[in-house]
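Residue numbers (the working numbering): 51 to 220.
As structure tokens, this is what we get:
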């Protein structure tokens with residue numbers, strides 16, 4: 051019987067610098083395709099057509115003041131900041147660990163400092179707009195989405211290669 055692999059611990063890095071002990075939680079980017087309903091003559095029902103990827107966002111919840119993130123607020127490049135999630139997922143059946151790494155590039159769009167109260171833990175939320183996404187498990191790439199370079203690779207297959215070739219690129 052196979053049991054789930056659960057996240058046991060993680061770290062987050064900004065531009066290579068560890069935030070160990072400073073990030074209480076984060077919401078990893080949701081991967082979604084934009085689908086448009088289509089129905090034409092001779093079709094009994096509608097189908098959904100894939101019209102491209104949805105915008106990706108990531109939210110970081112910091113346990114207090116995260117100066118390094120604040121310093122990057124207002125970065126003018128759409129991919130000016132790199133964030134890396136490194137998670138240790140343990141199999142509940144074997145005890146073995148998988149290393150899950152998600153590398154993103156983008157920029158901060160919002161800083162929400164929440165309520166400031168003396169002698170109480172605070173939480174600051176950082177909204178991060180993602181222009182680049184790469185997910186690997188145990189060093190093997192599963193997904194790479196490079197919006198600026200029109201690359202969408204899943205399990206080693208670049209699903210946009212033929213599209214780029216049809217446009218005369220690469």
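Here a beta-carbon is modelled for each residue, glycine too, at the ideal position from N, C-alpha and C.
Of all the options 186, 216 and 217, which has the alpha carbon lying nearest to the alpha carbon of residue 203?
Residue 203 has its Cα closest to that of 186, out of 186, 216 and 217.
Looking at the secondary structure, which residues open and close the beta strand (DSSP E) in which residue 58 lies?
Start and end: 55 to 64.
State the Cα-Cα distance for the pair residue 206 and residue 166, rounded to the nearest angstrom.
Going from the Cα of residue 206 to the Cα of residue 166 covers about 46 Å.
Spatial neighbours of residue 232 within its chain, please: CB distance less than 8 Å, with the 5 preceding and 5 following residues excluded, ordered by chain position.
Outside the displayed range of the chain (51 to 220) lies residue 232, so it cannot be described from this structure.
Which residues mark the beginning and the end of the beta strand (DSSP E) in which residue 181 is found?
Note, residue 181: beta strand (DSSP E), 174 to 187.
Where residue 102 and residue 96 are concerned, what is the direct C-alpha to C-alpha distance, given to the nearest angstrom?
Using only the alpha carbons, I get a separation of about 18 Å.
Rounded to a whole number of angstroms, what is the C-alpha to C-alpha distance between residue 58 and residue 191?
Roughly 21 Å between the two C-alpha positions.
Could you tell me which whole beta strand (DSSP E) segments of length 3 or greater appear in the segment 98 to 146?
List check, beta strand (DSSP E) in window: 106 to 112 and 131 to 141.
Just tell me which of 73, 93 and 81 has its CA closest to the CA of residue 105.
Ranking the options by Cα distance to residue 105, first place goes to 81.
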